[in-house]
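Heads up: the sequence shown begins at 1 in full-length UniProt numbering, then just goes up one per residue. Report on the structure given below.
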Amino acid sequence: MSFVEMLNDGKLKSGDIDLFIEKWHNSKSKMSLREYLGFTEEEWQVFGSGSSEKAFEMALKRLNR
Numbered sequence: 001m002s003f004v005e006m007l008n009d010g011k012l013k014s015g016d017i018d019l020f021i022e023k024w025h026n027s028k029s030k031m032s033l034r035e036y037l038g039f040t041e042e043e044w045q046v047f048g049s050g051s052s053e054k055a056f057e058m059a060l061k062r063l064n065r
């Protein structure tokens, strides 16, 4: 389950992302960080520009359509 999916389910808070990123770094996953977190390309660009809360909003809106 991705970070975005767990955030949507209420299992994580947005502030937990650093722990999730650390988990990715320590894993042997072949997924990109973007895929591991569950972001689309557009959401990832927003996240990378420093607007993490906006990226979270976009992702949650997408999941709840």
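C-beta atoms are modelled at their ideal positions from N, C-alpha and C, and glycine is treated no differently.
In whole angstroms, give me the CA-to-CA distance for residue i and residue j.
{"i": "residue 17", "j": "residue 65", "result": "23 Å"}
{"i": "residue 77", "j": "residue 13", "result": "Summary: the structure shown does not reach residue 77, with the chain confined to residues 1 through 65, and so no result is reported for it."}
{"i": "residue 11", "j": "residue 63", "result": "15 Å"}
{"i": "residue 1", "j": "residue 8", "result": "11 Å"}
{"i": "residue 39", "j": "residue 3", "result": "9 Å"}
{"i": "residue 60", "j": "residue 5", "result": "8 Å"}
{"i": "residue 58", "j": "residue 25", "result": "24 Å"}
What are the boundary residues of the alpha helix (DSSP H) that residue i is part of?
{"i": "residue 52", "result": "52-63"}
{"i": "residue 18", "result": "17-26"}
{"i": "residue 38", "result": "No alpha helix (DSSP H) contains residue 38, which DSSP labels as neither H nor E."}
Check the C-beta distance from residue i over to residue j and give it rounded, since I have them as a contact under 8 Å.
{"i": "residue 43", "j": "residue 55", "result": "5 Å"}
(request) Inspect the CB distances between the segment 25-33 and the segment 45-62 and report whether three or more fall short of 8 Å. (result) The way I'd put it, the segment 25-33 doesn't touch the segment 45-62; fewer than three beta-carbon pairs between them come closer than 8 Å.
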